[in-house]
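Sequential numbering from 218 applies to the sequence shown in the working numbering. Taking it in order: structure first as structure tokens, then the write-up.
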Amino acid sequence: MNDTLAKLYGVVLDRKANPQEGSYTCYLFEKGLDKILKKVGEECSETIIAAKNGVQSDTVGEISDLVYHLVVMMVQQGIPLEAVMDELDKRSLKIGNLKQFHQSDHNT
């Protein structure tokens, strides 16, 4: 796997630290968390619709938009890319796909 995600994260981090006029990323940071989360939600919905429509190139484009906006959210929230990668690594080591629930989860 290449380091495209790490490069993207680095660019977004740099845009937050060094705003550039005309940058969409800087615009999102300027508008704040509510705008960023709205875009994450929109892109999530668009990804679902594209997948449902079954046009792979459209789905790839929407997934890319979603990942970008998730990275912006991560940077805005101070979540390092390594934290997500570490969590994904831990999850990949699990065997099976059954979730174990706490007793309290069964009551909801």
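Think of the CB as a built atom: it goes at the ideal place given N, C-alpha and C, for glycine as much as any other residue. Fair warning: this is a prediction, and the values are worked out from it, not measured in the lab.
Beyond the five residues adjoining it in sequence on each side, Gln293 comes within less than 7 Å, by CB distance, of Phe246, Leu250, Ile253 in the same chain, given in chain order. For Leu250, the enclosing alpha helix (DSSP H) starts and ends at 250-270. Secondary structure of Gly278 (DSSP, three-state): helix. If you draw a straight line from the Cα of Met302 to the Cα of Gly295, it is about 15 Å long.
Gly295: not part of any alpha helix (DSSP H); DSSP gives it neither H nor E.
Per the C-alpha coordinates, the member of Asn219, Glu260, Glu238 positioned closest to Val289 is Glu260. In this structure, DSSP gives Gln237 a state outside helix and strand, which the three-state scheme calls coil.
Straight-line measurement puts the Cα of Ser281 at about 11 Å from the Cα of Ser274.
Within the same chain, Cβ atoms closer than 8 Å to the Cβ of Gly278 are found at Ala267, the five residues on either side in sequence being excluded. In this structure, Ala234 and Leu298 do not form a Cβ contact; the two beta carbons are roughly 15 Å apart against a cut-off of 8 Å. Residue burial annotation: Tyr244 is exposed, with fewer than 16 other C-beta atoms found within 10 angstroms of its C-beta.
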